[in-house]
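Peer 1: Going by the UniProt record's numbering, 133 is the number at position 133 of the sequence shown; the sequence numbering is gapless. Below: one structure in structure tokens.
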Amino acid sequence: MLAEAYRGGEIQGPTVVEFPLRAPDGEVARVSAEVRVSRCGPHHLLVAWERGNRQALARAAQHLARTCWMEWNLTGQPPRASFGVRHVLGLHRDAPLPGLVDVAAMTDHAGAEALYQVLYDVLLRGRTAECDLRLPARRNGVLRLLAEPVFRPGGPVWAVRGVMMDVTGDRLTRHRARHAEREATRARDRAQAFGEVAAAFREALSPRFAGENVPSGLEAAAVYRPDEGAGVGGDWYKARVLPGGRTLLALGDARGHGLAAVTLMAKLRYALAGLAFTAHPVEHLTGWLSNVACDDGPESTATAIVGAYHPERRLLRWVSAGHPAPLLLRDDRVRPLSLPPAATGLPLGVVPDAAYTAVETVLVAGDVVLMYSDGLVERRGSDIDADTELLRHRAEQLARTSLRDGAGGLQAYAEHVVRAMSDSPQTDDATLLAVRCLP
1 MLAEAYRGGE
11 IQGPTVVEFP
21 LRAPDGEVAR
31 VSAEVRVSRC
41 GPHHLLVAWE
51 RGNRQALARA
61 AQHLARTCWM
71 EWNLTGQPPR
81 ASFGVRHVLG
91 LHRDAPLPGL
101 VDVAAMTDHA
111 GAEALYQVLY
121 DVLLRGRTAE
131 CDLRLPARRN
141 GVLRLLAEPV
151 FRPGGPVWAV
161 RGVMMDVTGD
171 RLTRHRARHA
181 EREATRARDR
191 AQAFGEVAAA
201 FREALSPRFA
211 GENVPSGLEA
221 AAVYRPDEGA
231 GVGGDWYKAR
241 VLPGGRTLLA
251 LGDARGHGLA
261 AVTLMAKLRY
271 ALAGLAFTAH
281 PVEHLTGWLS
291 NVACDDGPES
301 TATAIVGAYH
311 PERRLLRWVS
321 AGHPAPLLLR
331 DDRVRPLSLP
341 PAATGLPLGV
351 VPDAAYTAVE
361 TVLVAGDVVL
371 MYSDGLVERR
381 GSDIDADTEL
391 LRHRAEQLAR
401 TSLRDGAGGL
411 QAYAEHVVRA
421 MSDSPQTDDA
431 TLLAVRCLP
């Protein structure tokens, strides 16, 4: 610096100089100073030291924030700019400082129009204005320009001063956030539409009992509680009087959730309704129903209880296809129906031509059979046997307080049982089919 100032006579600096300085107490401190050197006469130099590094800090702040300023003089003088303006604009370090026309040429069509509007407000209206400028040469980088007029004392505007900040990252983040919000809205709308379709499908497939089973000596009631997440699932049930006086009683749980589970449930339910008219025993019906599930693909599996009630003998013949055994309420006591190991069949759809064995249960007047899906007793982090025992205990308690004779009595009891077993949040759909043997 000293040699350059002496030889050329031009002011050198300011340059930031840092050096260690030992204090009188022996501590070494870091000293920063801005140094300027200028020639004074033919043989002397003036060295000015200013403690601190304000200029270096200002440059660092502008570099980190990707911010710069420029001032365009309307009298034809070259523009003035802060350190780092070329870096912010994406120019070569030796490139000349751009004029306003050059800046307009660097941006896209929309940016040029916005810049013209800013200049109109600054030059003709004498007020501050701002806009975004997209720079295609900088991979569509975006600059935020805030411009203000510089007035000649007592006269018109004679310069435009502008601060430019690189907001590419901010605009990209906003764009991604808006895109994510739109995608989330579309996904929410699709999920809502899907849920409405599946729920309508589910509603259409859920039978209503209006005393049609009374001629066969039975009263039926059912309660369905959907999965709070998926909205619908694969639970299904059937209670229908068949030609000849028998009553088909069935409850199943198709694998999965959502529309796929509802579709499989519908296939199995309608297939069983048709197969039941053949008057074949329930073990044959269950085997054929398993073949229907097998034909639908390897993922189409389900568990089920398939039963037939013979009113002349008050005999319930039923088959378990991988499903929990029903509960029997008799004389205010609830117990599981006996299910021998040999009668525990495979779930539907596991292997073709699976063989099933029927269990026979003789009912008496006032008996209530409770068929249920596993969603009623399965709780996350809990033991299935303990939850099944809880269902038995609560069904027994409620039978003493909530089970009434007459219309609606069995339905109210079933609803009380399901409510007592409700969990929050409900992670699986749950179904209870209650059947009472009439006198």
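Note that the Cβ used here is the ideal one computed from N, Cα and C, for glycine as well.
Keeping to the same chain, check which residues put their C-beta closer than 6 Å to that of V377; ignore five residues upstream and five downstream.
Peer 2: On the sequence shown, residue 377 is found 377 positions in, with the first residue counted as 1. If you ignore the 5 residues before and after V377, its C-beta comes within less than 6 Å of the C-beta of D387, T388, L391, all in its own chain and listed in chain order.
Peer 1: Measuring alpha carbon to alpha carbon, tell me which residue in A430, Y120, Q12, L363 is nearest R313.
Peer 2: Looking up residue 313 in the sequence shown gives position 313. Of A430, Y120, Q12, L363, the residue nearest in Cα terms is L363.
Peer 1: So for V359, helix, strand or coil by DSSP?
Peer 2: By 1-based counting over the sequence shown, the position of residue 359 is 359. Strand at V359.
Peer 1: Between which two residues does the alpha helix (DSSP H) holding Y120 run?
Peer 2: Stepping through the sequence shown from its first residue, residue 120 is reached at position 120. Taken as a continuous stretch (DSSP letters only), Y120 belongs to no alpha helix (DSSP H), as it is neither H nor E.
Peer 1: Counting along the chain, where does the alpha helix (DSSP H) carrying E10 start and finish?
Peer 2: Walking along the sequence shown from the start, residue 10 turns up at place 10. According to the DSSP assignment, E10 belongs to no alpha helix (DSSP H), since it is labelled neither H nor E.
Peer 1: Whole-angstrom Cβ separation of A321 and T286, contact assumed at under 8 Å?
Peer 2: The residue you call residue 321 lines up with position 321 of the sequence shown. The residue you call residue 286 lines up with position 286 of the sequence shown. That belief holds up - the Cβ atoms of A321 and T286 are roughly 6 Å apart, short of 8 Å.
Peer 1: To the nearest angstrom, how far is it from the Cα of V17 to the Cα of S38?
Peer 2: Counted from its first residue, the sequence shown places residue 17 at position 17. Counted from its first residue, the sequence shown places residue 38 at position 38. Roughly 16 Å between the two C-alpha positions.
Peer 1: Can you say whether E219 is buried or exposed, counting buried as having 16 or more other CB atoms within 10 angstroms of its CB?
Peer 2: Here residue 219 refers to the residue found at position 219 of the sequence shown. Buried.
Peer 1: Of all the options L403, L2, W69, which has the alpha carbon lying nearest to the alpha carbon of H44?
Peer 2: Mapped onto the sequence shown, residue 44 falls at position 44. Of the listed residues, the one whose Cα sits closest to H44 is L2.
Peer 1: Mind checking who L327 pairs with in its DSSP beta bridge?
Peer 2: Numbered from 1 along the sequence shown, position 327 holds the residue referred to as residue 327. Answer is P336, L370, bridged to L327.
Peer 1: Pull up the CB-CB distance for A250 and Y270, whole angstroms please, since I reckon it's below 8 Å.
Peer 2: What you label residue 250 is simply residue 250 of the sequence shown in a count that begins at 1. What you label residue 270 is simply residue 270 of the sequence shown in a count that begins at 1. Not confirmed; about 12 Å, so no contact.
Peer 1: Please report how far the alpha carbon of A261 lies from the alpha carbon of D189, in whole angstroms.
Peer 2: Indexing the sequence shown from 1 puts residue 261 at position 261. Indexing the sequence shown from 1 puts residue 189 at position 189. Going from the Cα of A261 to the Cα of D189 covers about 21 Å.
Peer 1: Tell me the rounded alpha-carbon separation between L21 and E50.
Peer 2: Here the question's residue 21 lines up with position 21 in the sequence shown. Here the question's residue 50 lines up with position 50 in the sequence shown. Computed Cα separation, rounded: 15 Å.
Peer 1: By alpha-carbon positions, which one of A159, F83, A304, Q411 ends up nearest to L74?
Peer 2: For the purposes of this step, residue 74 is taken as the residue at position 74 of the sequence shown. Selected option, being the one with the closest Cα: A159.
Peer 1: From what residue to what residue does the alpha helix (DSSP H) around L251 run?
Peer 2: As a first step, residue 251 must be located in the sequence shown, where it is residue number 251. Unbroken run through L251 is the beta strand (DSSP E), 247 to 257; no alpha helix (DSSP H).
Peer 1: Rounded to the nearest angstrom, what separates T168 and T67 at their Cα positions?
Peer 2: Indexing the sequence shown from 1 puts residue 168 at position 168. Indexing the sequence shown from 1 puts residue 67 at position 67. Cα to Cα, the separation comes out at about 12 Å.
Peer 1: With a threshold of 16 other CB atoms inside 10 Å of the CB of T247, please say whether the residue is buried or exposed.
Peer 2: The residue you call residue 247 lines up with position 247 of the sequence shown. Buried, by the Cβ-count rule.
Peer 1: Thinking just about the alpha-carbon of each residue, which of R134, T15, Q77 is nearest to the one in residue 495?
Peer 2: This structure cannot settle anything about residue 495, because the visible part of the chain is limited to 1 through 439.
Peer 1: M70 lies in the beta strand (DSSP E); which residues open and close that run?
Peer 2: For the purposes of this step, residue 70 is identified with residue 70 of the sequence shown, where counting begins at 1. Per DSSP, M70 belongs to the beta strand (DSSP E) from 67 to 73.
Peer 1: Label Y116 either buried or exposed according to how many other C-beta atoms from any shown protein chain fall within 10 Å of its C-beta, with 16 as the threshold for buried.
Peer 2: Here residue 116 refers to the residue found at position 116 of the sequence shown. Exposed is the call here.
Peer 1: Roughly how many angstroms lie between the CA atoms of Q397 and R333, to the nearest whole one?
Peer 2: Sequence index remark: in the sequence shown, residue 397 carries index 397 (1-based). Sequence index remark: in the sequence shown, residue 333 carries index 333 (1-based). One C-alpha to the other measures close to 9 Å.
Peer 1: Quick check on L403: buried or exposed, where buried means 16 or more other Cβ atoms within 10 Å of its Cβ?
Peer 2: As a first step, residue 403 is located in the sequence shown; it is residue number 403 there, counting from the start. Counting Cβ neighbours within 10 Å, L403 comes out buried, since at least 16 surround it.
Peer 1: Since A180 and R161 are thought to touch, with beta carbons under 8 Å apart, how far apart are those beta carbons, to the nearest angstrom?
Peer 2: Numbered from its first residue, the sequence shown carries residue 180 at position 180. Numbered from its first residue, the sequence shown carries residue 161 at position 161. That pair is no contact at about 38 Å.
Peer 1: Let's test the definition: count the other Cβ atoms within 10 Å of the Cβ of R225 and tell me whether it reaches 16, buried, or not, exposed.
Peer 2: Residue mapping note: residue 225 aligns to position 225 of the sequence shown, counting from 1. R225 comes out buried.
Peer 1: In the DSSP assignment, find the beta strand (DSSP E) that holds E148 and state where it starts and stops.
Peer 2: Working through the sequence shown from its first residue, we reach residue 148 at position 148. Note, E148: beta strand (DSSP E), 141 to 151.
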